[in-house]
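For reference, the structure is listed below as structure tokens.
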Amino acid sequence: MQKRRVATMKRVFADLHLGLNVKDHAATLRMINKAATLGYRLVAVPLAPETHADEIAKLRAVCNEAGIDFASRVDLRPRTQNELMHQLRRLRRKFEAVCVKCENKAVARQAAKDRRVDLLNFPLLDFRKRFFDRAEAELASNSLAALEIDVKPLLVLEGPVRVRLLSSLRREAAIARDFQVPIVVSSGLAKEMLLRKPREMAALAFLFGLDEASALEAVSQSAGAIVKRNREKLSAKFVAPGIRLIKEGKDC
Amino acid sequence: MKRVKRRYLALQVDSDGVPSRKEVMDAVWGAVTRLYGEHGASLTRLALIDYDMEKKTAVIRTSLATLDLVRASLASITSVADREAAVHVLAVSGTIKALHQKTRQQL
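In order, the protein sequences belong to chains A and B. For what it's worth, my numbering labels the leading residue of the first sequence as 8, then goes sequentially. For what it's worth, my numbering labels the leading residue of the second sequence as 8, then goes sequentially.
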């Protein structure tokens with residue numbers, strides 16, 4: 008009898024928002040080692056827009072030493088749509104993940120429909136500025152943007168504020184699911200002791216209504232897909248979506 | 008009466024000090040109560056089975072129906088006995104024997 012081969016795919020867990028101060032090398036090293044110990048295989052750290060390629064390479068080397076992959080990320084905080092477009096033109100090709108912190112509705116809408124934006128992040132405690140409604144989700148579903156949810160406030164807040172936040176997050180997660188907008192669950196943490204294992208992050212996502220499969224996807228595939236897509240686009244061999252340079256030279 | 012299915016969780020307490028058995032359970036109960044209230048906590052049927060102070064590992068029991076709820080509560084613990092701490096889940100199993108096997112495999 009022929010044996011059935013069962014393909015087992017090991018999940019690559021990712022945290023796309025480690026809130027590190029990269030100038031503090033000792034703390035950075037500790038956090039990266041801790042993330043590796045907890046089971047992450049890909050981390051991203053928000054960097055300043057003017058960060059030099061050498062600094063990114065150094066961070067990548069530190070992560071590789073710890074056995075994890077590193078992705079460069081930039082957080083944009085534009086005040087207007089034009090400012091957002093300008094920043095995207097300037098920075099898109101420098102970073103592997105671009106997150107837009109949406110402080111007003113016009114910026115949120117523009118970010119949701121722009122295919123250069125990877126992550127949409129909303130102020131966690133200013134509930135009037137959480138613009139992820141059905142219109143925003145519809146725009147995001149037609150582009151490539153994912154909704155990023157940081158678990159940091161779920162760990163540090165207590166009482167009515169956390170209750171209200173959970174209520175907002177549950178509504179937003181339901182909208183994202185309806186419009187098939189990917190959700191990325193990140194830590195947003197800067198303290199070692201607050202870092203959680205990927206499966207614990209998924210357990211926290213249960214609090215805002217994600218089932219186990221969606222929650223695990225939010226800490227693995229959703230984040231990994233963003234980095235993979237952008238690395239392909241940033242590679243020298245990329246021509247257009249679906250077209251890449253295989254070989255060049257006189258013998259072609 | 009329908010038999011209640013149980014799950015055993017192996018936990019690792021990550022903290023600077025060495026918390027006592029009572030302090031660990033107080034932190035777990037506190038987290039469950041904060042997130043789900045007294046009614047929710049009463050449904051979990053939480054019980055501490057074993058605690059190794061040296062290794063700072065614990066085994067707790069809960070009902071299968073409230074496993075997700077307990078896991079979320081454990082992940083939300085940030086302090087044990089007023090000291091910064093984290094409680095990590097090492098393994099989950101339906102029997103203590105299988106739990107120990109899983110934990111040994113991990114270590």
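Ideal placement from N, C-alpha and C gives every residue a C-beta, glycine not left out.
Whose C-alpha, out of the options, is nearest the C-alpha of residue i?
{"i": "Gly-195 (chain A)", "options": "A:Lys-17, A:Arg-177 and A:Phe-129", "result": "A:Phe-129"}
{"i": "Val-191 (chain A)", "options": "A:Leu-211, A:Ala-197 and A:Met-200", "result": "A:Leu-211"}
{"i": "Ser-175 (chain A)", "options": "A:Ala-144, A:Ser-193, A:Phe-215 and A:Gly-166", "result": "A:Phe-215"}
{"i": "Thr-87 (chain A)", "options": "A:Ile-250, A:Lys-136, A:Gln-117 and A:Asn-71", "result": "A:Gln-117"}
{"i": "Ala-48 (chain B)", "options": "B:Leu-81, B:Thr-85, B:Arg-28 and B:Asp-59", "result": "B:Leu-81"}
{"i": "Asp-157 (chain A)", "options": "A:Lys-120, A:Ala-225, A:Leu-98 and A:Asn-149", "result": "A:Ala-225"}
{"i": "Arg-99 (chain A)", "options": "A:Gly-249, A:Asn-237 and A:Ile-250", "result": "A:Asn-237"}
{"i": "Lys-29 (chain B)", "options": "B:Arg-13, B:Leu-55, B:Arg-41 and B:Ala-17", "result": "B:Leu-55"}
{"i": "Ala-220 (chain A)", "options": "A:Glu-199, A:Pro-167, A:Ile-250 and A:Pro-189", "result": "A:Pro-189"}
{"i": "Lys-41 (chain A)", "options": "A:Ala-183, A:Ala-197 and A:Val-163", "result": "A:Ala-197"}
{"i": "Lys-9 (chain B)", "options": "B:Ser-70, B:His-107 and B:Glu-45", "result": "B:Ser-70"}
{"i": "Val-234 (chain A)", "options": "A:Met-38, A:Val-81, A:Glu-57 and A:Gly-46", "result": "A:Val-81"}
{"i": "Leu-91 (chain A)", "options": "A:Leu-66, A:Asp-61, A:Arg-122 and A:Glu-207", "result": "A:Arg-122"}
{"i": "Ser-193 (chain A)", "options": "A:Leu-173, A:Phe-245, A:Ser-227 and A:Gly-256", "result": "A:Ser-227"}
{"i": "Val-52 (chain A)", "options": "A:Met-38, A:Asp-61 and A:Gly-46", "result": "A:Met-38"}
{"i": "Ala-104 (chain A)", "options": "A:Arg-251, A:Leu-54, A:Asn-71 and A:Arg-135", "result": "A:Leu-54"}
{"i": "Asp-76 (chain A)", "options": "A:His-93, A:Gln-94, A:Arg-48 and A:Asn-89", "result": "A:Arg-48"}
{"i": "Arg-169 (chain A)", "options": "B:Tyr-43, B:Leu-16, B:Ala-17 and B:Leu-18", "result": "B:Tyr-43"}
{"i": "Lys-17 (chain A)", "options": "A:Arg-97, A:Lys-240, A:Leu-223 and A:Phe-245", "result": "A:Leu-223"}
Alpha carbon to alpha carbon, how far is residue j from residue i? Give it in angstroms, no decimals.
{"i": "Leu-202 (chain A)", "j": "Lys-30 (chain A)", "result": "20 Å"}
{"i": "Ala-232 (chain A)", "j": "Gln-187 (chain A)", "result": "15 Å"}
{"i": "Asp-57 (chain B)", "j": "Val-11 (chain B)", "result": "21 Å"}
{"i": "Val-19 (chain A)", "j": "Leu-132 (chain A)", "result": "30 Å"}
{"i": "Ala-115 (chain A)", "j": "Ala-78 (chain A)", "result": "24 Å"}
{"i": "Gln-113 (chain B)", "j": "Leu-97 (chain B)", "result": "8 Å"}
{"i": "Lys-101 (chain A)", "j": "Arg-41 (chain B)", "result": "43 Å"}
{"i": "Ile-63 (chain A)", "j": "Ile-253 (chain A)", "result": "27 Å"}
{"i": "Gly-24 (chain B)", "j": "Met-60 (chain B)", "result": "10 Å"}
{"i": "Gly-37 (chain B)", "j": "Thr-51 (chain B)", "result": "13 Å"}
{"i": "Val-31 (chain B)", "j": "Val-77 (chain B)", "result": "14 Å"}
{"i": "Ser-100 (chain B)", "j": "Arg-111 (chain B)", "result": "13 Å"}
{"i": "Ala-243 (chain A)", "j": "Leu-23 (chain A)", "result": "24 Å"}
{"i": "Met-200 (chain A)", "j": "Lys-112 (chain A)", "result": "35 Å"}
{"i": "Met-8 (chain A)", "j": "Leu-217 (chain A)", "result": "Unreliable positioning characterises Met-8 (chain A) in this predicted model, as indicated by a pLDDT of 44, which lies under 50. A coordinate reading is not provided."}
{"i": "Ala-105 (chain B)", "j": "Arg-14 (chain B)", "result": "11 Å"}
{"i": "Leu-53 (chain B)", "j": "Phe-213 (chain A)", "result": "19 Å"}
{"i": "Arg-67 (chain A)", "j": "Asn-149 (chain A)", "result": "32 Å"}
{"i": "Glu-57 (chain A)", "j": "Gln-94 (chain A)", "result": "11 Å"}
{"i": "Met-208 (chain A)", "j": "Asp-61 (chain A)", "result": "32 Å"}
{"i": "Leu-16 (chain B)", "j": "Ile-67 (chain B)", "result": "5 Å"}
Under DSSP, the beta strand (DSSP E) around residue i begins and ends at which residues?
{"i": "Val-191 (chain A)", "result": "190 to 193"}
{"i": "Arg-14 (chain B)", "result": "13 to 22"}
{"i": "Asp-82 (chain A)", "result": "76 to 83"}
{"i": "Glu-91 (chain B)", "result": "90 to 100"}
For residue i and residue j, which I take to be in contact (beta-carbon distance under 8 Å), what is that distance rounded to the nearest angstrom?
{"i": "Lys-63 (chain B)", "j": "Val-35 (chain B)", "result": "About 14 Å separates the two Cβ atoms, so there is no contact after all."}
{"i": "Phe-138 (chain A)", "j": "Cys-109 (chain A)", "result": "6 Å"}
{"i": "Ala-230 (chain A)", "j": "Ala-21 (chain A)", "result": "4 Å"}
{"i": "Leu-154 (chain A)", "j": "Glu-179 (chain A)", "result": "7 Å"}
{"i": "Ala-73 (chain A)", "j": "Ala-119 (chain A)", "result": "Incorrect: roughly 35 Å between the Cβ atoms, too far for contact."}
{"i": "Gly-46 (chain A)", "j": "Lys-204 (chain A)", "result": "6 Å"}
{"i": "Ala-65 (chain B)", "j": "Leu-18 (chain B)", "result": "5 Å"}
Check for me: the alpha helix (DSSP H) holding residue i runs from which residue to which?
{"i": "Glu-239 (chain A)", "result": "228 to 241"}
{"i": "Glu-2 (chain A)", "result": "Outside the shown range of chain A, which is 8 to 259, sits residue 2 (chain A), and nothing can be said about it."}
{"i": "Ile-39 (chain A)", "result": "32 to 45"}
{"i": "Asn-149 (chain A)", "result": "141 to 149"}
{"i": "Gln-210 (chain A)", "result": "Residue identity check: residue 210 (chain A) is Ala in the sequence provided, not Gln. First-last of the alpha helix (DSSP H) with Ala-210 (chain A): 205 to 212."}
{"i": "Cys-109 (chain A)", "result": "Per DSSP, Cys-109 (chain A) belongs to no alpha helix (DSSP H) and is neither H nor E."}
{"i": "Leu-74 (chain B)", "result": "74 to 82"}
I'd like to know whether the C-beta atoms of residue i and residue j end up nearer to each other than 8 Å.
{"i": "Ser-27 (chain B)", "j": "Arg-90 (chain B)", "result": "no"}
{"i": "Val-69 (chain A)", "j": "Thr-35 (chain A)", "result": "yes"}
{"i": "Asp-125 (chain A)", "j": "Ile-182 (chain A)", "result": "no"}
{"i": "Ile-84 (chain B)", "j": "Ala-93 (chain B)", "result": "yes"}
{"i": "Leu-164 (chain A)", "j": "Leu-172 (chain A)", "result": "yes"}
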